[in-house]
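Here's the structure we're looking at; comments come further down.
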Amino acid sequence: MPALKFDLATLYQPTVLLAVALMAVIVMMILPMPAFVLDLGLAASFAIAILIFTVTLFIGRPLDFSTFPTILLASLMLRLSLNVSSTKLIIGKGHEGTAAAGHVIEGFAMFIMGGSVAMGLVVFCVLLIVNFIVITKGAGRMAEVGARFALDAMPGKQLAIDADMAAGAITHEEARERRRIEQEETTFFGSLDGASKFVKGDAVAGLLITLINLVVGLAIGVMVHGLPMGEAFRTYSILAVGDGLVTQLPAVIISIAAAMLLSKGGLIGSTDRALIGQLGGYPTALGTVAVLMAFFAFIPGLPLVPFLIGAVALGAAAWVARKGQAEKA
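Convert by adding 27 to the 1-based position in the sequence shown; the result is the number in our numbering.
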């Protein structure tokens, strides 16, 4: 009988680590998590969202981030598991105080709400509206159109590859590589179209979970734990709104990243270079906006400093752009 060998290096392979991470996310939905673990999960959710957004800015073309739909779904699973864990803590231990669900939720609630429950509710509703109606709806439409166009254009592109190969313009290896790229592009946009539906559902789930935390938590705090109505409303509103804000902010960041990835379209190169190159390529437009900002600066009733700073900055950018064009000529 062969001896069972345990290789420690196998444990640290990316595939094994990914499987362990996904299993941990599923376990968080089932087992009660302490507040410290919830804080770690919320911090990881923020880090993943910012990482996705940053990578989206610097990729050359959308297909360079072909794992985006998978990462989008994994981040959604993480946020939902964190929502379930935080709901257990809020409803089960909310009567103990605003730190019952961890210090991340409490800190965000206190910082953004500023001691005002109404302000926290307004900020949460604004984030939800921006994510659900503006960003997610537009990104979903772009994903749908991109998937449809990529699928419709695939036969024509395949015929063009065959024609180039028959004419001797490309080799068999180059034709095989181009077919692979076309297939990956079609699959990518199709997957992204489906993943965008998950993002829309995540926004709705965030609203419902916040309402459940507030209403059910308030009822349990008053009827079960005997808290005064005012104290119970303050405690559970801080916990519910804080939980909603902590989960909606990463959702908004990832939705913006998805929209930016889809809006790149046929753009080649990183977003920052493309924007600077295209917006800075027209000095006359920059100069016109600088003059308009200077005009606004001297309108009675409008603040002088912000518009004047904008006029000077745009004027300097127009001068630098025109100088660069003159040197190239």
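Don't be surprised by glycine CBs; every beta carbon is placed ideally from N, CA and C.
This one's a predicted model, so the numbers in the text were calculated from it and none came from an experiment.
* To do: Evaluate glutamate 201 with the Cβ neighbour count: other Cβ atoms within 10 Å of its Cβ, from every protein chain shown; 16 or more gives buried, anything less gives exposed.
  => Under this definition glutamate 201 is an exposed residue.
* **Limits of the unbroken alpha helix (DSSP H) element including isoleucine 265** => Run containing isoleucine 265: 256-291, per the alpha helix (DSSP H) assignment.
* Asked: So what's histidine 252 in DSSP terms, helix, strand or just coil?
  -> Secondary structure at histidine 252: coil, using DSSP grouped into helix, strand and coil.
* From arginine 168 to proline 255, what distance separates their C-alpha atoms? -> C-alpha separation (whole angstroms): 48 Å.
* Asked: Roughly how many whole angstroms lie between the Cα atoms of alanine 259 and isoleucine 77?
  -> Rounded to whole angstroms, alanine 259 to isoleucine 77 spans 34 Å at the Cα level.
* Asked: What is the residue span of the alpha helix (DSSP H) that alanine 174 lies within?
  -> Taken as a continuous stretch (DSSP letters only), the alpha helix (DSSP H) holding alanine 174 covers 163-193.
* **Stretch pair the segment 131-139 + the segment 61-81: three plus CB contacts closer than 8 Å** => Using a Cβ-Cβ distance cut-off of 8 Å, the segment 131-139 and the segment 61-81 are in contact, since at least three pairs of beta carbons, one from each stretch, lie closer than that value.
* **Whole-angstrom C-beta distance between alanine 324 and alanine 338, which should lie under 8 Å** => So it is a contact: roughly 6 Å between Cβ atoms.
* Where does threonine 81 land, buried or exposed, given buried means 16+ other C-beta within 10 angstroms? -> With fewer than 16 Cβ atoms within 10 Å of its Cβ, threonine 81 is classed as exposed.
* To do: Below 8 Å on the Cβ atoms is my guess for asparagine 158 versus alanine 232; work out the distance and round it to an integer in Å.
  => Contact check for asparagine 158 and alanine 232: beta-carbon distance about 12 Å, past the 8 Å limit, so the pair fails to qualify.
* beta strand (DSSP E) runs wholly inside the segment 307-343, at least 3 long, in chain order -> Runs of the beta strand (DSSP E) inside the segment 307-343: none found.
* **Which listed residue (Met146, Leu100, Tyr263) has its alpha carbon closest to that of lysine 120** => Considering only alpha carbons, the answer is Tyr263.
* Asked: Measuring CA to CA, which of Val64, Ile139, Ile117 is closest to asparagine 240?
  -> Cα-wise, what sits closest to asparagine 240 is Ile117.
* To do: Identify whether alanine 46 lies in helix, strand or coil by the three-state DSSP scheme.
  => Alanine 46 falls in the helix class under three-state DSSP.
* Asked: Considering glycine 124, what are the terminal residues of the alpha helix (DSSP H) in which it resides?
  -> Here glycine 124 belongs to no alpha helix (DSSP H), and DSSP marks it neither H nor E.
* To do: Between the Cα of histidine 106 and those of Ala278, Leu84, Ala286, spot the shortest distance and give me the residue it belongs to.
  => Inspection of the sequence shows that residue 106 is occupied by arginine rather than by histidine. Ranking Ala278, Leu84, Ala286 by Cα distance to arginine 106 puts Ala278 first.
* Asked: Would you call phenylalanine 322 buried or exposed, if buried means 16 or more other Cβ atoms sit within 10 Å of its Cβ?
  -> Around the CB of phenylalanine 322, fewer than 16 other CB atoms lie within 10 Å, so the residue is classed as exposed.
* Asked: Helix, strand or coil: which one does DSSP assign to leucine 140?
  -> Before going further, note that residue 140 is methionine rather than leucine in the sequence given. Methionine 140: helix per DSSP, three-state reduction.
* Taking buried to mean at least 16 other C-beta atoms within 10 Å of its own C-beta, is glutamate 204 buried or exposed? -> By the neighbour-count rule (16 or more Cβ atoms within 10 Å), glutamate 204 is not buried but exposed.
* To do: Below 6 Å CB to CB, which residues in the same chain sit around isoleucine 20 once its five sequence neighbours on both sides are set aside?
  => In the structure as shown, the chain begins at 28 and stops at 356. Residue 20 is therefore absent and cannot be evaluated.
* Cutoff 7 Å; reference valine 131; Cβ partners in own chain excluding five residues on either side -> Excluding sequence neighbours, valine 131 sits near Asp66, Leu69, Ala70, Val273.
* To do: Go to aspartate 66, then tell me how far its alpha helix (DSSP H) extends in each direction, as first and last residue.
  => Aspartate 66: member of the alpha helix (DSSP H) spanning 62-85, first to last residue.
* Asked: Based on Cα-Cα distance, which residue from Leu154, Leu99, Ala62, Val153 lies nearest to lysine 115?
  -> Looking at the Cα atoms, Ala62 is the closest of the given residues.
* alanine 344 to valine 332 span [Cα, whole Å] -> Here the alpha carbon of alanine 344 sits roughly 18 Å from the alpha carbon of valine 332.
* To do: Tell me whether methionine 28 is buried or exposed, calling it buried when 16 or more other Cβ atoms sit within 10 Å of its Cβ.
  => Because the pLDDT of methionine 28 is 43, which lies under 50, any placement of that residue in the model is unreliable, and the number read from its coordinates should be weighed accordingly. Under this definition methionine 28 is an exposed residue.
* Of the residues Ala194, Phe215, Gly351, which one's Cα is nearest the Cα of isoleucine 303? -> Closest by alpha carbon: Gly351.
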